[in-house]
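See structure below.
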Amino acid sequence: MTDRLNELTAAGVAVWLDDLSRVRLSSGGLDQLRREKRVVGVTTNPTIFAKALSDADEYNWQLRDLAARGVDVEEAVRMLTTYDVRWACDVMRPAYDQSAGVDGRVSIEVDPRLAHESDRTVAEAKALWWLVDRPNLFIKIPATEAGLPAITATLAEGISVNVTLIFGLDRYSAVMEAFLAGLEQAKANGHDLSTIGSVASFFVSRVDSEVDKRLEKIGSDPAKALKGKAAIANAQLAYERYSEVFSSDRWQALADAGAHPQRPLWASTSTKNPDYRDVIYVEELIAPGTVNTMPEAVIHAYADHGETRGDTISGSYDAAREVFTQLESVGVDMADVIATLEREGVEKFEASWQELLDGVRKSLDAAAAGKGSPNAAAKGNAKAAQQAGGNA
1 MTDRLNELTA
11 AGVAVWLDDL
21 SRVRLSSGGL
31 DQLRREKRVV
41 GVTTNPTIFA
51 KALSDADEYN
61 WQLRDLAARG
71 VDVEEAVRML
81 TTYDVRWACD
91 VMRPAYDQSA
101 GVDGRVSIEV
111 DPRLAHESDR
121 TVAEAKALWW
131 LVDRPNLFIK
141 IPATEAGLPA
151 ITATLAEGIS
161 VNVTLIFGLD
171 RYSAVMEAFL
181 AGLEQAKANG
191 HDLSTIGSVA
201 SFFVSRVDSE
211 VDKRLEKIGS
221 DPAKALKGKA
231 AIANAQLAYE
241 RYSEVFSSDR
251 WQALADAGAH
261 PQRPLWASTS
271 TKNPDYRDVI
281 YVEELIAPGT
291 VNTMPEAVIH
301 AYADHGETRG
311 DTISGSYDAA
321 REVFTQLESV
331 GVDMADVIAT
341 LEREGVEKFE
351 ASWQELLDGV
361 RKSLDAAAAG
371 KGSPNAAAKG
381 NAKAAQQAGG
391 NA
């Protein structure tokens, strides 16, 4: 079964897991995926942490200690999440070493409530980098307008960054510009560029969900014929821009100084529409130098029946542009689609973060009062967080 994942890896796609929990760590499940399923990276988000906290007694000892120390809820969340991420970094360290620092990365997200505050985002990124204290960490920063200067400033400090919540092509181009500027500043600041990593998380299935909803509302046969085509076309055109930027003279100067390219990472790759093939956002987005972060179910599905047909992106650009032309002709405003997805993406992660805070607050109160299992108090909040934010 793992032959299919080997073929995917050989085609240039790094397989990352979109999940993390202390149970997965303590049971050896994450290490097993690394060894047996070619998983070479991990991404997290507030929804994932809220669910993890509610599902396992492994957190109880730490919750009791945090309650005994009287820490506030935001500090408790930092301690709980960075503990898991630090552990995951250690589990993934062999992949980091084997890839000379390209893979083996584990991502932790800056408080999404700071998405529109550049300076506070940078300060939080530096704090998380210091707390986890592992070279194979990624700090997730959203690709909002305020996030762009924060990305540059964080990279300039020598801190590796996973840029998240990218939906549109123009914003993706701005993200790559922020990356290049950040590395140029890091070089000027005396940092070793070979130690700084970055990925740009380009969201996929959410694009189809939003566009398909609009196409269904339009209701014409030409509109319905376009369902399920926007997300892949959008990602294919993103890869075209990536290829252009990372073949430029400006990039070559950084590469000569030891820099690694900022790889496109396909996020939100589980299908939301049950009518679509469950591995479509993996099979149709295969190209060298990419990352695909998947829930475990998608990893197993690809191992079972995924088809690696070589590079399915390069050479698709004209067809992808034609999809956009057709979408416009039936009345889909893609600029509005992208603006809506970015706004809702930030709002969903903010809601998930608040649910995480509420769950940890209840757990701390239960631990302080000595009432049973502290993490049991977070169960309702985790369910609400899943409904609000969903997986990336």
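With the first letter of the sequence shown counted as 1, position 67 gets the number 67 in the UniProt record's numbering; the numbers rise by one all the way through. All C-beta atoms, glycine included, are put in the ideal place defined by N, C-alpha and C.
Would residue i and residue j be called neighbours here (beta carbons separated by less than 8 Å)?
i      : j      : result
Ile232 : Leu285 : yes
Lys37  : Ala303 : yes
His116 : Ala146 : yes
Ala143 : Ile108 : no
Leu137 : Ala186 : no
Gly289 : Ser194 : no
Ser268 : Ser316 : no
Gly197 : Val102 : yes
Leu8   : Thr271 : no
Val91  : Arg34  : yes
Ala367 : Arg78  : no
Gly12  : Ala287 : yes
Asp208 : Ala230 : yes
Glu74  : Arg22  : no
Leu237 : Leu327 : no
Ala153 : Val122 : yes
Val332 : Leu180 : no
Leu356 : Ala76  : no
Arg113 : Gly306 : no
Ala178 : Ile151 : yes
Thr82  : Leu53  : no
Val245 : Met176 : yes
Tyr239 : Ile299 : no
Please state the DSSP three-state secondary structure of residue i.
i           : result
Leu265      : strand
Ala200      : strand
Phe167      : coil
Ala259      : coil
Gly219      : coil
Ala231      : helix
Lys213      : helix
Leu137      : strand
Gly41       : strand
Asp194      : Residue identity differs from the one stated: residue 194 is Ser in this sequence, not Asp. Helix.
Val175      : helix
Leu180      : helix
Gly389      : Confidence at Gly389 is low in this model, with a pLDDT of 47, below 50, so the placement of that residue should be treated as unreliable; the coordinate-derived value is given next. Three-state DSSP puts Gly389 in a helix.
Ile108      : strand
Leu17       : strand
Asn381      : Low confidence applies here, because Asn381 scores a pLDDT of 49, under 50, leaving its location unreliable and the question unanswered by this model.
Pro142      : strand
residue 435 : Residue 435 is absent from the model: the chain starts at 1 and stops at 392.
Val279      : coil
Met1        : Unreliable positioning characterises Met1 in this predicted model, as indicated by a pLDDT of 45, which lies under 50. The coordinate reading is nonetheless provided below. Here Met1 sits in coil by DSSP.
Asn6        : helix
Asn60       : helix
Val23       : helix
Val73       : helix
Take the Cβ of residue i as the centre, count every other Cβ of all protein chains shown within 10 Å, and call the residue buried at 16 or more, exposed below.
i      : result
Ala10  : exposed
Trp130 : exposed
Asp212 : buried
Ser26  : exposed
Asn162 : buried
Asn6   : exposed
Gln262 : buried
Gly104 : buried
Gly359 : buried
Glu322 : exposed
Arg69  : exposed
Arg171 : buried
Would you grab the beta carbon distance between residue i and residue j for me? Rounded to a whole angstrom, and I think it's under 8 Å.
i      : j      : result
Trp16  : Thr293 : 4 Å
Val42  : Ala14  : The pair is not a contact, with the Cβ atoms about 12 Å apart (cut-off 8 Å).
Asp67  : Leu364 : One point to set straight first is that residue 67 is Ala, not Asp, in the sequence displayed. Contact holds; Cβ gap of about 5 Å.
Arg277 : Leu169 : Arg277 to Leu169, Cβ: 25 Å. No contact.
Asp19  : Pro295 : 6 Å
Trp251 : Val291 : About 18 Å; that fails the 8 Å criterion.
Arg134 : Cys89  : 4 Å
Val337 : Glu210 : 5 Å
Pro46  : Phe349 : 6 Å
Ile141 : Ser160 : About 11 Å separates the two Cβ atoms, so there is no contact after all.
Ala200 : Pro264 : 6 Å
Complete runs of the alpha helix (DSSP H) confined to the segment 287 to 337 [at least 4 residues]: 296 to 305 and 317 to 330
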